[in-house]
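Position in the sequence shown counted from 1, then plus 11, gives you our numbering. Virtual Cβ for every residue (Gly too), placed ideally from N, Cα, C. None of these values were measured; they are calculated from a predicted model.
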Amino acid sequence: MSATGSAKIALITGTSSGIGLQAAVQLAQASFTVIATMRDPRKAGLLHEAAGQAGVTLDVRPLDVEDDASVAACITAIQETYGRIDLLVNNAGAGYLGTLEQTPPEALRRTLEVNFFGVWRMVQAVLPLMRAAGSGRILTVTSVDGLLGQPFNDAYCAAKFAVEGWMESLAPVAQRLGITVSLIEPGAVNSGFMAAVQAARVAGAPDLQATYGPLLDAYLVQVQASYWDCSGAA
């Protein structure tokens, strides 16, 4: 069925916490119909709580940006329910802490898979709907790490720089189709993202830990001192 009324349809990835959670709630408060997605809907507790406190309703659906079938199924279901997507917010992401010698190939591939290929999948799936409508907006959350290389973020910066370059390439073409492409480049955010990144740290071989460990610890102190809050406070 098609969407009724004048509410615009927003699809957001990575809404279980942080920027994605807040974006979902605030867009709903701004009268968007919000499809809030995450890989595991069982982790939607904080999102439901925030929506309840704000007095808004969200359409929470499963979506794994690393999985072609998951992306296709979600977009098809949204099209069947609402008939269109007016706004895509690419927020899902994954970081990895470690310099070159500390980053195994599988960690590099996973970081690129979520942060670059995941965004690519989403845009490739949604763009035909927006092109057919002659309108739409694609908003991608990258990072200051997509503008300036950061120590111990080699894989993450590689992915974010790639997204920045691709989006800048896509933007003028999409504009001719009536579609706006935008980037948001936040700094360090006090959310579950950084906690997850630090929890996934791999010490590596003793010689690498002895060499890089103190440097990484000092870097993290500086990052934590620069956090801006995304805890849900108004």
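What whole-angstrom Cβ distance do residue i and residue j have, given they're in contact under 8 Å?
i, j, result
"residue 140", "residue 96", "5 Å"
"residue 21", "residue 44", "7 Å"
"residue 170", "residue 101", "With 8 Å as the limit, residue 170 and residue 101 do not qualify as a contact, their Cβ atoms being about 12 Å apart."
"residue 50", "residue 75", "5 Å"
"residue 104", "residue 198", "No, residue 104 and residue 198 are not in contact; Cβ-Cβ is about 14 Å, not under 8 Å."
Could you say which of the options lies nearest to residue i if we only look at CA atoms?
i, options, result
"residue 138", "186, 219, 231, 226", "186"
"residue 86", "132, 34, 120", "132"
"residue 60", "123, 42, 33", "33"
"residue 17", "195, 236, 110, 42", "42"
Who are the Cβ neighbours of residue i in its own chain at under 8 Å, not counting the five residues just before and after it?
i, result
"residue 114", "107, 165, 166"
"residue 88", "72"
When DSSP labels each residue in this structure, what does residue i get in the three-state scheme?
i, result
"residue 148", "strand"
"residue 180", "helix"
"residue 56", "helix"
"residue 95", "coil"
"residue 73", "strand"
"residue 109", "strand"
"residue 24", "coil"
For residue i, which residues of its own chain have a beta-carbon under 7 Å away from its beta-carbon, when the five flanking residues on both sides are left out?
i, result
"residue 112", "219"
"residue 174", "126, 127, 130, 151, 153, 157"
"residue 90", "140"
Taking 6 Å as the limit between beta carbons, can you name the residues of its chain near residue i, skipping five residues before and five after?
i, result
"residue 242", "Confidence in residue 242 is poor, its pLDDT being 43 and thus under 50, which makes the residue's placement unreliable; the coordinate value appears in the next sentence. Hits under 6 Å: none found."
Can at least three beta-carbon pairs, one atom from the segment 171-180 and one from the segment 220-232, be found at a separation below 8 Å?
Under the 8 Å Cβ criterion, the segment 171-180 does not count as touching the segment 220-232, having fewer than three qualifying pairs.
Could you check whether the segment 227-235 touches the segment 58-69, counting it as contact only if at least three pairs of C-beta atoms, one from each stretch, sit closer than 8 Å?
Remark: fewer than three beta-carbon pairs, one from each stretch, lie closer than 8 Å, so the segment 227-235 and the segment 58-69 are not flagged as touching.
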